[in-house]
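The block underneath contains the structure these notes are about, expressed in structure tokens.
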Amino acid sequence: MRCYCCSSKPFDECCEPFIKGDKHPSSAEQLMRSRFSAYATAHYQYILETYTKEKQQGLSVEDLAQSAQGATWFALKVHPTLAASSVDSLVGNSISSTEDSSIDSTVHADAKVEAQTNAEAISKPNLKSISKPISKPNNAIVEFTAYYFENKSMYQLHETSNFSVEDGKWRYHDGVLHDDCGKIKYGRNLPCVCGSNKKFKQCCATKSR
Ligand SMILES: [Zn+2]
Ligand SMILES: [Zn+2]
Numbered sequence: 020m021r022c023y024c025c026s027s028k029p030f031d032e033c034c035e036p037f038i039k040g041d042k043h044p045s046s047a048e049q050l051m052r053s054r055f056s057a058y059a060t061a062h063y064q065y066i067l068e069t070y071t072k073e074k075q076q077g078l079s080v081e082d083l084a085q086s087a088q089g090a091t092w093f094a095l096k097v098h099p100t101l102a103a104s105s106v107d108s109l110v111g112n113s114i115s116s117t118e119d120s121s122i123d124s125t126v127h128a129d130a131k132v133e134a135q136t137n138a139e140a141i142s143k144p145n146l147k148s149i150s151k152p153i154s155k156p157n158n159a160i161v162e163f164t165a166y167y168f169e170n171k172s173m174y175q176l177h178e179t180s181n182f183s184v185e186d187g188k189w190r191y192h193d194g195v196l197h198d199d200c201g202k203i204k205y206g207r208n209l210p211c212v213c214g215s216n217k218k219f220k221q222c223c224a225t226k227s228r
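Take 20 as the starting number for the sequence shown in our numbering and just add one per residue.
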């Protein structure tokens, strides 16, 4: 079957090995996808373990299970974000929910990256900097919309999340919810939100309960 996270891969080649602990996600997006799949399959231990240590304090598997009760998570959309985005740029640009301001912040972040690159080129004109190992970023942001049913109604959760690397593994820290979160109406004849190319009524709408 296709993975719960709506990738093009089957579950056992996508999120399942992460949830089982056989593999570790190599990016923040992979971790986010696997956490969605863990919610969809009620693997709350995995949800707990993939929070940053700071956030794990005061959380329990029971709390997580309780807060997810009644929700059927059925589709995920990952929004394109800047690969170089960091927690700093999220804070610095104070991303809000409107499309316009997110475009603004993208332009702003691009300009920042370019400015940094220029500064580096000026301050390090020698070849030594090329042989230096490229340091991997330890923070990343991922913007996504997750869809779920509760009491036969459809909801969306639109969040920009902060992820960090701890002990060499990606962890979820926290996120900013966008203003369009909540109950939504979605046309039954529209293409399904999961990207299956089927009509909604013939696809995920059948999971409503
Ligand atoms: Zn997946
Ligand atoms: Zn669907």
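Beta carbons: idealized from backbone N, C-alpha and C, even for Gly.
Model, not experiment: these values are computed from the prediction.
Cβ neighbours of residue i in the same chain (closer than 8 Å, five flanking residues each side left out)
i	result
Phe182	Ala47, Leu50, Met51, Asn158, Ala159, Ile160, Val161, Trp189, Arg190, Tyr191, His192
Gly194	Glu178, Thr179, Ser180, Asn181
Leu67	Gln75, Leu78, Ser79, Val80, Leu83
Ser142	With a pLDDT of 48 at Ser142, under the threshold of 50, the modelled position of that residue is not reliable, and the figure given next carries that caveat. Result list for Ser142: empty, nothing under 8 Å.
Cβ neighbours of residue i in the same chain (closer than 7 Å, five flanking residues each side left out)
i	result
Ser115	Note that Ser115 has pLDDT 43, beneath the 50 cutoff, so the model's placement of it is unreliable and the number below is only indicative. There are no such residues.
Thr69	Leu50, Arg54, Arg190, Tyr191
Thr100	Ile160, Val161, Glu162
Beta-carbon proximity list for residue i, same chain, < 6 Å, skipping 5 on both sides
i	result
Thr164	Lys96, Gln175, His177
Ala90	Tyr167, Glu169
Ser26	Cys33
Cys211	Lys217, Phe219, Cys222, Cys223
Lys28	Cys22
Ala134	Since pLDDT at Ala134 reaches only 48, below the 50 mark, its modelled position is unreliable, and no value is offered.
Extent of the continuous beta strand (DSSP E) to which residue i belongs
i	result
Asp198	From DSSP, Asp198 is part of no beta strand (DSSP E); its letter is neither H nor E.
For residue i, the first and last residue of its enclosing alpha helix (DSSP H)
i	result
Phe37	35 to 39
Gln85	80 to 87
Residue i versus the options, residue with shortest Cα-Cα distance
i	options	result
Cys24	Lys204, Ser56, Met173	Ser56
Lys226	Ser172, Lys204, Ser45, Phe37	Ser172
Lys72	Gly187, Gln85, Arg207	Gly187
His197	Glu35, Asp41, His98, Pro44	His98
Arg228	Trp92, Ser215, Glu35	Trp92
Integer-rounded CB distance, given that residue j should sit under 8 Å from residue i
i	j	result
Cys213	Ala59	Not confirmed; about 11 Å, so no contact.
- [ ] Pair every Cβ in the segment 77 to 87 with every Cβ in the segment 57 to 69, then say whether three or more of these pairs are closer than 8 Å.
- [x] At 8 Å Cβ cutoff, the stretches touch.
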